[in-house]
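Here's the structure, in structure tokens; my notes come after.
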Amino acid sequence: MFILATEVQQNIEQNVEELDKKVSRLSTVIDDGINKAIDFGFDLFLAIVIFIIGRIVLSLVRKLFKKIMNRSNIDEGVVKFLDSMIKVFGYIVIIITICGQIGIQTTSFITLLGTAGVSIGLALQGSLANFAGGILILITKPFALGDYIIAEGVEGNVTKIDIIYTTLQSIDNKSIKLPNGKLADSVLTNVTHQEERRLDVEIGIGYDDDIKKAKQIMADVMKQSGYGIKPDEEIVVVKELAESSIVLEMRMWVKTEDYWNAKFYLNENVKYKFDENNISIPFNQLDVNLKNVQ
């Protein structure tokens, strides 16, 4: 009986020790869980604070940027685009900061983001060049809506300036789209950028005709046209002694919007006046001699 009682007592003591160990482990787990929950809650609280402060700072930065851009008279499209880029970049920085605060590893995320950026950049190389060209055009403003430009072998009035393409409308009402990358990197002529243009019109006369008389007729036509805005600078010169004609040139300043009407007027009326005064306008001729070969 004594031996049996001793074994029972030993079993009870072992069970109590094991129970104490389990209770102790459970207590430790609960304590660790509570501590981790407290730490996570604190990190979550800091993350929320970082998000709120980050949004406030980002909003202030965007407002300051818009004020600076508006004072610089930069195109509204450029301002909106750059503002959206600042917004995206700002939120990326906020998210990465929050992830670091709550214990998420950001190194691999940043690496993945960089790799994705490089891959996308290589895949969209042409589009990115056009995109950069569009930004450059909107900032430097080599032309504006309504301007008549000549570039890349085409010409027309600018009807739309997008980030990727610029749209022209030709004289015969064709719609032409130019990639901004090429447009920003090419020689571009803005015909209507200035309010005034010098009009040069060349007309040839025969070597037997009276040069002084022809020059006077051309000068009178310029004065009578009503298009000249600088009468003191209107002049007729002998530009060239060509193979089959003496090339005279009329030079006068006109308003840009009157350029073509003035040119057509001078061409037509000089021809009429030359015909009235028996002054010839030579043209190329081809003499063909036929021989009778037997």
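Residue 262 in full-length UniProt numbering sits at position 262 of the sequence shown, and the numbers go up by one each step. The beta carbon of each residue, even a glycine, is placed where N, CA and C say it ideally should be.
Residue i, DSSP secondary structure in three states
| i | result |
| --- | --- |
| Tyr272 | helix |
| Gln282 | A small fix is needed here, since residue 282 is Pro in this sequence, not Gln. Pro282 falls in the coil class under three-state DSSP. |
| Asp185 | coil |
| Pro231 | helix |
| Tyr165 | strand |
| Asp43 | helix |
| Ala262 | helix |
| Ser225 | helix |
| Ala144 | coil |
| Ile102 | coil |
Residues of its chain near residue i, where Cβ-Cβ distance is below 8 Å and the 5 sequence neighbours each way are ignored
| i | result |
| --- | --- |
| Lys87 | Leu58 and Arg62 |
| Asp147 | Asn157, Val158, Asn190, Val191, Thr192 and His193 |
| Phe51 | Ile94 and Ile98 |
| Thr256 | Val191, Thr192, Gln194, Glu195, Glu196 and Arg197 |
| Lys160 | Leu145, Thr166 and Thr167 |
Rounded C-alpha distance that separates residue i from residue j
| i | j | result |
| --- | --- | --- |
| Leu44 | Gly54 | 15 Å |
| Asp210 | Ala242 | 16 Å |
| Glu195 | Val93 | 48 Å |
| Glu234 | Gly204 | 18 Å |
| Glu202 | Leu248 | 6 Å |
| Phe264 | Asp258 | 10 Å |
| Lys271 | Lys174 | 32 Å |
| Asp162 | Leu82 | 14 Å |
| Ala219 | Val237 | 10 Å |
| Ile229 | Trp253 | 6 Å |
| Met69 | Leu183 | 24 Å |
| Phe250 | Asp200 | Per the sequence shown, the amino acid found at residue 250 is Met instead of Phe. Met250 and Asp200: Cα-Cα distance of roughly 6 Å. |
Sequence-distant residues of its chain with Cβ nearer than 6 Å to residue i (five each side left out)
| i | result |
| --- | --- |
| Gly206 | Ser280 and Pro282 |
| Gly181 | Ala129, Asn130 and Gly133 |
| Thr140 | none |
| Val154 | Ile176 |
Assigned exposure category for residue i - 16 Cβ within 10 Å defines buried
| i | result |
| --- | --- |
| Ser244 | exposed |
| Leu266 | buried |
| Arg197 | buried |
| Ser170 | exposed |
| Met222 | buried |
| Leu64 | exposed |
| Ala151 | buried |
| Ile149 | buried |
| Gln101 | buried |
| Arg25 | exposed |
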